[in-house]
Every structure is written in C-alpha cells, then in structure tokens.
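Same order as they appear, the protein sequences are chains A and B. Offset between the first sequence (1-based) and the numbering used here: plus 40. Offset between the second sequence (1-based) and the numbering used here: plus 10. We treat Cβ as the ideally placed atom computed from N, Cα and C, and that holds for glycine. Only a predicted model underlies this, so the values are computations on that prediction, with no experimental measurement involved. Read the structure below first, then the notes.
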Amino acid sequence: MRPPDTLPRELAAEGERVMRLCNACRYCEGFCAVFPALERRLSFAEADLVYLANLCHNCGECWYACQYAPPHEFELAFSRTLAQIRAVSYQQNARPRALAGLMRHGGRAAAWLSAAGLLLFLALELARGGTGGLVAPHPDAAGAFHAQISHGAMVAVFLTAGLWAAAALALGLAAFWRQTGERPGDVVASRAAAQGFWDALRLRYLDGGGGGCAYPDEVPSQARRWLHHLTVAGFGLCFASTSVAAIYHYGLALPAPYPLLSLPVVLGTLGGGGLLLGPAGLLWLKLRRNPAIVDPAQTGLDVGFLVLLQLAAGTGLLLMALRQTAAMGTLLALHLGLVLALFVTMPYGKFVHAVYRYAALVRYALEQRRPRPRFGSE
Amino acid sequence: MDWSRTYDVLVVGGGNAGLCAALSARRAGASVLLLESSPRELRGGNSRHTRNLRCMHVQPADVLTEAYPEEEYWEDLCKVTGGQTNEALARMVIRRSATCRPWMSRYGVRFQPSLGGTLHLSRTNAFFLGGGKALVNAYYRAAEALGVDVAYGAEVRELELEGSRFLSAGVSVKGFRHRARARTLVAAAGGFQANTAWLREAWGPAADNFIIRGTPYDDGTVLKLLSGAGMRTVGDPTQGHAVAIDARAPRFDGGIVTRVDCVSLGIVVNEHAARFYDEGEDFWPKRYAIWGRLVARQPDQIAYAIIDAKMPGTFVPPVFPPVEAPTIRELAAALRLEPAALERTVEDFNRAVRPGAFDHAVLDGCATEGLSPPKSHWARRLDTPPFSAYPLRPGITFTYLGLAVDERARVLAGDGRPSDNVFAAGEIMAGNILGKGYLAGIGMTIGTVFGTIAGEEAARHAAP
Ligand SMILES: Cc1cc2nc3c(=O)[nH]c(=O)nc-3n(C[C@H](O)[C@H](O)[C@H](O)COP(=O)(O)OP(=O)(O)OC[C@H]3O[C@@H](n4cnc5c(N)ncnc54)[C@H](O)[C@@H]3O)c2cc1C
Ligand code: HEM
Ligand code: SF4
Ligand code: SF4
C-alpha cells in the first residue's frame with residue numbers, strides 16, 4: 041500500500057486546531073522547542089505540522105500542564121496529536137516509497153528478515169564447511185569465524201545492507217528537508233546543523249525545561265533521557281567495534297575473532313551491554329507510562345525496534361561467550377541474521393526518528409537565528 | 011476518607027490559596043483535610059488557568075529582570091484601585107511577595123522567563139513553567155507526599171458555627187452527605203463568578219451574556235455560608251476582573267486562549283455597528299481589563315473587533331479563526347449587522363484617520379481627528395481586504411466581593427472582631443486589597459501570601 045501524500049484531512053484539521061490553541065495560550069513555552077517554534081507562525085499548513093511534530097520529543101510535560109486536556113471540552117491532547125502526525129510523516133518520507141508500508145508492520149518485517157538472514161548465513165556457512173563444520177567446536181578461537189563463513193561473503197552482504205540503509209535514510213532526510221523549504225545544504229553543513237546535532241545528541245528536549253520530563257508519569261524524571269543515552273551509546277559502541285574490526289582486518293591484516301581484551305571486543309561488549317540494558321529500561325518505563333500522552337498505535341514500532349536491538353546485542357554477547365563451543369556456528373548465523381535485519385529495516389522503523397528529529401532540530405536552530413515576530417507593546 | 015476523624019485544619023478549596031494553606035499547615039505539624047469540589051482532573055479552580063504572579067524584588071532575581079521595589083508596586087496598586095484598598099494588608103502582601111518564589115520552588119513549582127508576547131511583564135511577574143496547572147500539580151504532589159488528606163468531588167454545602175467559631179462542615183461527596191470536623195477552617199473556595207444567579211442579582215439580565223473564564227466550581231457557596239453566618243464582607247458584588255473575550259468561548263473554563271488581542275489595532279463596534287470607546291487609548295495590556303465592563307454595557311453585551319489584512323502578525327493570533335469577508339458590506343452581513351451602518355462607521359473612521367508612522371510597540375502618532383469617540387493611537391484605515399472580525403463578550407475572571415480579614419488571615423465577624431478559628435485566603439478575600447481594577451499577577455500573590463499565613467495561623471491555633 042502506498043503511503044499517503046498528504047496528512048489525512050482529519051488529522052491535519054486536528055493538528056491545526058491544537059496549534060491554534062497552543063499559539064493562543066503559550067504556557068508550555070519553557071518545556072521544549074515546539075512552542076517557541078509554533079509561536080513564530082500564524083497558520084499551520086501541513087509542512088509546519090510535520091516539522092513541529094518531529095520537533096516534539098513526546099516528553100509528556102505538556103499533557104500534565106494543559107488546562108485543556110480531557111475532560112475539558114477542548115480535549116487537547118497535544119503530544120498525542122503530534123505523535124500521530126509524526127507517524128504519518130515517517131511513512132511519507134520513507135524511501136523507496138513502495139516499502140513505506142513496512143512502517144506499519146515493522147515487527148513482522150523484522151522477524152521475517154531475521155529469519156531470512158539466519159537462513160542466508162546458515163547457507164553460507166554450510167557452503168563453506170558443510171554440516172560438520174557448522175557444529176564443530178573451536179577450542180582455538182583464532183580464525184574461527186572465517187572458518188565458518190567467508191569474509192568476502194560477509195562483507196558483501198553487510199556492505200550492501202549498510203549502503204542500502206544509509207541511502208534510504210539519506211533520501212528520507214532529503215525528502216523531509218525539502219518539505220521545510222530551507223536551503224538544501226543547511227541540514228548538514230551549517231552552524232545550525234552543529235547546534236541541531238548537539239541538541240539531538242544530548243536530548244536537550246527530553247529535559248522538560250530543566251529537571252527532567254514527565255515520563256513515565258507526572259513526576260519530572262531523567263530516567264528516559266539516560267536510558268536513551270545508554271541505548272545510543274550502546275549502538276555507537278557496537279558500530280565503533282565493527283569499524284575498528286574492519287581496520288584490523290584490512291589495515292592490519294588481523295582477522296576476527298579478537299582476544300577478550302582487544303579493542304573491538306571491549307567496545308562490542310560495552311556496546312552490547314548498553315543495547316541490552318538501555319532498551320530493557322525503556323521497555324520497563326513503557327509498561328508504566330501514561331497511555332494518554334502517546335499514540336498507542338506506535339507501540340509496536342517502539343517495541344519492535346527495542347527488542348531487535350536487544351536480540352542483536354544479546355546474540356552478539358552470547359556469541360562471544362560461546363565462541364569456542366559447538367554452538368558457535370549457529371549463533372554466528374543467528375547474530376548476523378539479526379544484525380542484517382536491523383540494518384535493512386532501519387529506514388522503515390523507529391530508527392527514522394533519529395533522522396527527522398535531527399533535521400527538525402537543525403531547522404529550529406536556523407529559525408532561532410531569524411528575528412521573531414513582535415506582538416504589540418512587548 | 012475517615013470522616014470520623016477530627017483534623018487540626020480543614021481547608022475548603024483546592025486552588026492555589028487552599029494548597030498553600032494546606033502545605034504550610036501540614037509543614038507546621040498540623041493534620042490537614044483538603045476538600046475540593048471538582049473531580050481530580052479538573053482540580054485547581056481558577057488557579058490552573060494562571061501563568062504568573064507579581065513579585066516585589068530589589069534587584070534582578072532568577073526569572074525577573076531589573077527591580078520592582080515596594081513603593082512602585084504600591085503605587086501601581088493605588089493607580090488601578092483608585093485607592094480602594096486596605097493599605098496595611100496590601101503592603102504586607104507586597105513585602106511578602108518577595109519571598110514567595112523560594113517557598114514555591116520548595117514544593118516543586120518551576121519558573122520560566124516571561125512568555126512570548128509578554129515582555130512587558132518580565133520585570134514584575136514571575137511565570138510558572140507550564141502555567142498554573144503545572145503549579146497546582148506540583149502542590150498536590152507535595153501535599154500528598156507530606157500526608158495531607160485530599161478529597162475530590164467533595165463540595166462543602168453547609169457550615170456549623172457557634173458565633174464566629176467554626177465547628178464542622180457538611181460535605182456532599184458523590185451525592186452522599188458527610189460531616190468533616192476540624193479545629194480550624196481555612197476558606198479558600200474562590201469567588202462567586204460561576205454562580206450565574208448571583209451575578210444576575212448584581213448585574214441584572216446582562217449577566218446572562220457573561221462568559222466565565224475560569225472554573226465552574228467557584229460558585230460562592232462558602233462565601234455565602236460565612237457571610238450568612240454573620241461574617242463581615244468587603245467589596246461590591248459588581249466589582250471584579252472582567253475582560254473582553256471571544257464570544258465563541260465555552261461558557262466556562264475557556265481560560266487564557268479566548269483572549270482577543272487586536273482591539274487596539276482596529277475598531278470595535280456594537281450591534282448597531284457603532285463605535286463606543288477609544289480603542290487606542292493605551293497599550294492593550296493596560297486596557298484589556300476595562301473592556302469587559304465596556305462590552306457589558308453595550309446592548310446585548312456583544313461587540314465586534316474589526317481589522318483588515320494589514321494587521322495579522324502584529325498581535326497574538328486568537329484561538330478561533332475570524333469571520334472574514336472581502337468587503338465591509340459582506341462582513342456586516344456575516345456578522346448580522348446593518349451593512350449600511352457598518353459601512354458608514356468604517357468610512358467615518360477612515361476619513362478621520364490622520365497620516366502617521368504606525369508602530370504598535372510604542373504609543374505612536376496614528377490618531378483620528380474630529381471623530382467621537384476618537385482613536386488616539388494605532389489608527390490606520392481599514393482598507394485592505396479581506397476584513398476580519400472577532401465577536402466579543404464580557405469574560406468574568408473573578409469577583410471581588412469577599413470576606414473581611416486581618417493581617418493574620420482571620421475572618422472578621424460582624425462586630426469587626428477576628429474569628430478564633432476561621433481563616434480565609436485567595437479570591438474569597440481578594441476584595442480586601444482589590445476594591446476595583448486589577449494588577450496582572452496579583453491574584454496569585456494574594457493567594458500565596460494569605461494562603462501560607464492562613465495555614466501557619468490555623469496550625470498554630472490548632473496546636474494543643
Ligand atoms: C483565565 C484566567 C487567568 C488568570 N491568570 C492569572 C495570572 O496569570 N496571575 C494571577 O495572579 N491571577 C490570574 N488569574 C486569577 C487567579 O486565578 C486567582 O486570583 C487565583 O487563582 C485564586 O486562587 P484561589 O485558590 O483563591 O481560587 P481557585 O483557584 O479558584 O480555587 C478555589 C477552589 O475552591 C473550590 N471550591 C469552590 N467552592 C467549593 C466548595 N463549596 N467546596 C469545596 N471546594 C470548593 C473550587 O473547585 C476551586 O478549586 C486568572 C484567572 C483566570 C480565570
Ligand atoms: C538524532 C538523534 C536522536 C534523537 C533526537 C532521539 C530522540 C528520541 C526521543 C525524543 C525518543 C522518545 C520519543 C519517541 O519514542 O519517539 C526516542 C525514543 C527512542 N529512541 Fe531515539 N533519538 C535519537 C537517536 C536514536 C538512536 C541512534 C537510537 C538507537 C540506536 C535510538 C533509539 C530509540 C528507541 C529504541 C526509542 C524508543 C524508546 C521507547 O519506546 O521508550 N534513538 N528517541
Ligand atoms: S498544551 Fe495546553 S497549556 Fe500547553 S501551551 Fe498548549 S494549550 Fe497551553
Ligand atoms: S510532549 Fe514534550 S516535547 Fe512534545 S510538545 Fe509536549 S512538552 Fe514539547
């Protein structure tokens with residue numbers, strides 16, 4: 041199914057309605073970037089709604105602070121409306137567009153892809169060493185992975201998948217940026233881009249204006265922010281681990297696996313730990329969150345990504361622990377299959393939030409550099 | 011809820027004043043029961059619609075710029091009230107306003123710099139991060155953590171007194187009657203603005219067209235019970251804070267968003283399509299509080315603010331889209347005004363506009379000449395279609411008729427002697443300080459100062 045080219049009419053109308061309310065009120069201005077950004081506007085076209093929705097970090101503060109939240113007759117659920125707009129925008133900007141539908145079935149897609157990946161790598165292993173090779177123990181770790189699977193095949197598969205993901209995400213970013221009407225280069229090369237990157241990295245707006253945000257409940261807390269940092273750090277460290285390993289392999293002609301105290305293993309272990317614990321904490325918070333502030337339809341997207349991160353990390357750690365046993369061959373295929381699925385589904389799942397939130401933060405930084413409208417006798 | 015228990019302090023009303031009283035009484039060691047007539051989701055009365063409080067300060071302090079010394083605060087108050095204020099109480103509120111913010115922060119209230127469009131308040135008013143509902147939430151959290159018992163949906167309908175001594179309160183909870191016993195009473199139940207019958211007594215049938223900006227639960231029951239029991243009142247029932255708001259606002263609880271900030275930029279006509287007051291007399295923030303009464307005096311309590319396409323972008327956009335038309339004639343038709351009459355009014359106005367350099371940030375020289383009533387500033391011809399109109403009605407914020415108190419927040423009996431154990435705080439006694447007029451942010455200041463005093467005094471009185 042093709043994604044909608046425009047927001048469903050009712051959602052756009054509701055988006056405009058909530059924006060009008062907040063623009064006339066402004067009490068939440070200190071919580072995040074969304075309110076100062078909307079206050080620069082007099083009308084809210086679709087492009088404005090998409091930008092503002094992706095600027096929102098869904099921190100929950102404005103739900104509790106809003107005097108117009110249900111049961112008030114205005115029934116203002118600002119963060120939920122923005123979450124719904126965000127979800128549509130993820131589909132609109134997914135590239136190629138034919139795959140945008142995956143966004144709605146992220147969990148299932150990841151599961152199928154993991155299974156396919158597992159089979160692919162099992163097949164590659166079988167091709168290399170036959171059934172005997174697959175279940176053979178490796179008391180002496182050196183060169184073991186590549187006894188299982190040809191390095192060339194592995195690189196070919198992951199390079200393709202990685203390039204695919206990077207290209208799809210970049211095209212999505214370009215599509216999102218085009219909608220803003222800003223100058224093309226500014227999204228990556230400008231002072232605003234540096235500012236946006238920094239604000240994204242430190243999750244400036246998961247801070248509820250200082251002291252933490254209203255997640256999972258009303259009491260301001262930094263829990264989500266720190267758990268997200270842990271998750272991103274885990275992701276980054278795993279990425280770094282793979283990059284270092286590539287340098288070892290090609291630069292230093294040192295094939296994997298590496299000793300326990302080598303850089304790739306230490307980075308990978310720390311990263312894997314972060315990717316197990318961070319998402320675990322986020323899932324725990326999710327169980328206790330207030331459903332009113334979110335779009336419940338997106339729980340699958342979140343949980344799918346969280347669990348996939350954990351599975352990829354968990355199998356990676358297990359692989360390291362059991363790499364000298366007979367289970368290694370199967371675990372390797374499983375781990376590689378999951379990582380492959382993670383990469384391939386990145387542009388069609390929760391991960392895209394990083395790209396669009398970054399772009400929205402850059403745009404916000406650009407706007408902040410422009411004069412604000414002045415209203416009367418300020 | 012244990013209705014057989016006798017509390018040290020019974021607080022009636024869970025808005026800002028009641029919460030400040032409950033927190034300070036509990037902090038002083040008293041057992042406290044707080045009764046709030048609204049359900050939990052709508053708790054916090056008018057206080058949840060607020061955004062700031064006015065604080066005296068002698069030097070720049072956290073979110074406040076420059077200085078706002080006692081004398082200047084006092085003079086501002088004298089100006090708006092025309093001297094109808096109790097100087098001793100007013101000065102006490104002003105002085106104690108300097109220490110409100112640290113006290114509030116202790117219970118979780120967060121502050122922010124003045125909001126977009128309110129730079130003129132950055133010196134005098136401290137804004138609550140997230141507004142009044144965030145403040146109220148923080149106070150309820152703190153109260154629960156300290157062990158204040160809170161009952162929602164609990165409306166006080168009857169008070170048992172012996173002379174000016176409080177004995178117990180009759181409470182209705184989900185349709186069942188209970189009796190709440192306590193050694194002291196803090197009345198913090200707001201004004202009577204949500205009581206349309208009472209407004210009608212004061213204003214006549216015009217009151218039927220008033221919109222209540224805040225909570226529907228401030229119906230004046232407690233005020234009526236206490237004054238009926240012989241307590242002394244201050245103020246005039248027609249006095250209060252009233253502004254002109256969008257006529258399409260909800261009947262109750264529309265709050266801040268229903269404001270229409272373009273009055274000073276265009277013209278305002280009544281249902282006969284006639285202008286009736288100088289729209290550009292002064293800056294809107296200094297004038298908005300008189301427009302409620304101005305519109306209330308027009309036939310059918312309705313008026314229309316009309317602007318042209320030059321104006322949008324120079325005022326905070328109102329919540330509801332305007333009524334729009336390509337010509338004045340068609341605009342009149344859409345508003346059901348006499349088209350010829352509106353055309354004449356606009357033509358007369360346009361003809362009277364003298365050339366000048368428009369600047370909405372200063373009292374500019376754009377004025378009319380030979381027009382009655384004049385428009386003294388920001389007068390520009392209405393000549394650029396499309397034309398837009400916002401219908402206006404009086405929006406009542408809160409009423410001033412209240413209980414007379416002394417500087418210890420004790421309610422005065424008919425003979426002028428303070429009651430032993432009845433205290434009052436907030437809107438229900440704001441009339442001691444506000445005889446008329448209004449100073450933005452002083453409502454919350456009065457409630458915070460008198461709330462904390464009432465809580466401390468009640469706890470002290472209840473202590474064995
Ligand atoms: C839209 C709006 C904006 C405002 N903005 C500001 C501002 O920015 N700054 C400012 O200083 N002031 C502002 N005000 C005025 C301010 O709201 C009041 O001065 C202040 O909130 C009064 O606090 P209170 O606790 O006395 O009353 P409230 O907050 O109204 O609390 C009274 C409570 O008593 C309860 N109650 C009433 N009767 C009973 C009963 N019989 N039994 C049990 N409970 C009962 C009510 O449900 C209510 O919760 C604003 C008012 C409005 C309407
Ligand atoms: C530009 C950088 C990023 C920003 C600004 C950002 C911001 C956010 C925000 C605000 C949330 C909470 C709201 C929501 O669920 O949408 C969130 C959730 C999430 N983020 Fe990020 N993120 C970034 C990068 C990443 C990266 C790189 C990863 C993982 C590798 C990641 C993983 C997650 C996950 C798993 C969730 C869901 C958490 C949950 O459901 O509770 N994020 N992110
Ligand atoms: S969410 Fe509610 S309180 Fe916050 S700015 Fe919007 S209308 Fe105001
Ligand atoms: S949920 Fe948080 S980030 Fe989103 S608009 Fe509300 S306050 Fe801002």
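CA-to-CA distance, residue j to residue i, given in whole angstroms
i: residue 397 of chain B; j: residue 119 of chain B; result: 43 Å
i: residue 246 of chain B; j: residue 254 of chain B; result: 20 Å
i: residue 85 of chain A; j: residue 391 of chain A; result: 26 Å
i: residue 395 of chain A; j: residue 389 of chain A; result: 11 Å
i: residue 48 of chain A; j: residue 92 of chain A; result: 17 Å
i: residue 51 of chain B; j: residue 127 of chain B; result: 29 Å
i: residue 174 of chain B; j: residue 474 of chain B; result: 20 Å
i: residue 51 of chain A; j: residue 123 of chain A; result: 11 Å
i: residue 159 of chain B; j: residue 26 of chain B; result: 16 Å
i: residue 314 of chain B; j: residue 385 of chain B; result: 16 Å
i: residue 153 of chain A; j: residue 324 of chain B; result: 55 Å
i: residue 405 of chain B; j: residue 144 of chain A; result: 47 Å
i: residue 39 of chain B; j: residue 296 of chain B; result: 43 Å
i: residue 98 of chain A; j: residue 58 of chain A; result: 15 Å
i: residue 221 of chain A; j: residue 132 of chain A; result: 16 Å
Helix, strand or coil at residue i according to DSSP, with G and I counted as helix
i: residue 355 of chain B; result: helix
i: residue 298 of chain A; result: coil
i: residue 255 of chain B; result: strand
i: residue 330 of chain A; result: coil
i: residue 316 of chain B; result: strand
i: residue 360 of chain A; result: helix
i: residue 250 of chain B; result: strand
i: residue 18 of chain B; result: strand
i: residue 96 of chain A; result: coil
i: residue 86 of chain B; result: helix
i: residue 418 of chain A; result: At residue 418 of chain A, the pLDDT of 42 sits below 50, so the modelled position is not reliable; the number obtained from the coordinates is stated separately. DSSP places residue 418 of chain A in coil when its eight states are reduced to three.
i: residue 67 of chain A; result: helix
i: residue 46 of chain A; result: coil
i: residue 169 of chain B; result: strand
i: residue 117 of chain B; result: coil
Check: residue i C-beta below 7 Å from any heavy atom of ligand 4
i: residue 330 of chain A; result: no
i: residue 100 of chain A; result: yes
i: residue 275 of chain A; result: no
i: residue 268 of chain A; result: no
Contact test: residue i Cβ vs ligand 1 heavy atom, cutoff 7 Å
i: residue 408 of chain B; result: yes
i: residue 392 of chain A; result: no
i: residue 232 of chain B; result: yes
i: residue 96 of chain B; result: no
Near ligand 2: residue i beta-carbon under 7 Å from a heavy atom
i: residue 397 of chain A; result: yes
Heavy atom of ligand 3 within 7 Å of residue i beta-carbon
i: residue 141 of chain B; result: yes
i: residue 104 of chain A; result: no
i: residue 66 of chain A; result: yes
Closest by C-alpha distance to residue i, when choosing among the options
i: residue 94 of chain A; options: A:231, A:118 and A:113; result: A:118
i: residue 113 of chain B; options: B:312, B:428, B:391 and B:37; result: B:37
i: residue 195 of chain B; options: B:176, B:284, B:13 and B:182; result: B:176
i: residue 134 of chain A; options: A:212, A:402 and A:340; result: A:212
i: residue 450 of chain B; options: B:434, B:132 and B:238; result: B:132
i: residue 75 of chain B; options: B:472, B:64, B:370 and B:85; result: B:64
i: residue 337 of chain A; options: A:108, A:68, A:121 and A:112; result: A:121
i: residue 101 of chain A; options: B:13, B:59 and B:141; result: B:141
i: residue 278 of chain A; options: A:381, A:96, A:138 and A:314; result: A:314
Listed in chain order, which residues of the segment 351–372 of chain B have Cβ atoms closer than 7 Å to some Cβ of chain A?
-> The residues in question are 370 and 371.
Using a Cβ-Cβ cut-off of less than 8 Å, give me the residues of the segment 90–101 of chain A that come near chain B, in sequence order.
-> For the segment 90–101 of chain A, which is checked against every Cβ of chain B, the residues closer than 8 Å are 101.
Please name the residues in the segment 185–218 of chain B whose beta-carbon is closer than 7 Å to at least one beta-carbon of chain A, in chain order.
-> Listed by position, the residues of the segment 185–218 of chain B near chain A (Cβ gap below 7 Å) amount to none.
Give, in chain order, every residue of the segment 101–114 of chain A whose Cβ lies closer than 9 Å to some Cβ of chain B.
-> Residues of the segment 101–114 of chain A with a Cβ closer than 9 Å to any Cβ of chain B, in chain order: 101, 102, 104, 105, 106, 107, 108, 109, 110, 111, 112, 113 and 114.
In the segment 277–301 of chain B, which residues sit with their C-beta less than 7 Å from some C-beta in chain A, listed in chain order?
-> Within the segment 277–301 of chain B, the qualifying residues are 293, 294 and 295.
Report the residues of the segment 319–331 of chain B with a CB closer than 7 Å to any CB of chain A, ordered along the chain.
-> From the segment 319–331 of chain B, only 322, 323, 324, 325, 326, 327, 328 and 329 have a Cβ closer than 7 Å to chain A.
Closer than 8 Å, Cβ to Cβ, to anything on chain A: give me those residues from the segment 155–174 of chain B, in chain order.
-> Of all residues in the segment 155–174 of chain B, none has a Cβ within less than 8 Å of some Cβ in chain A.
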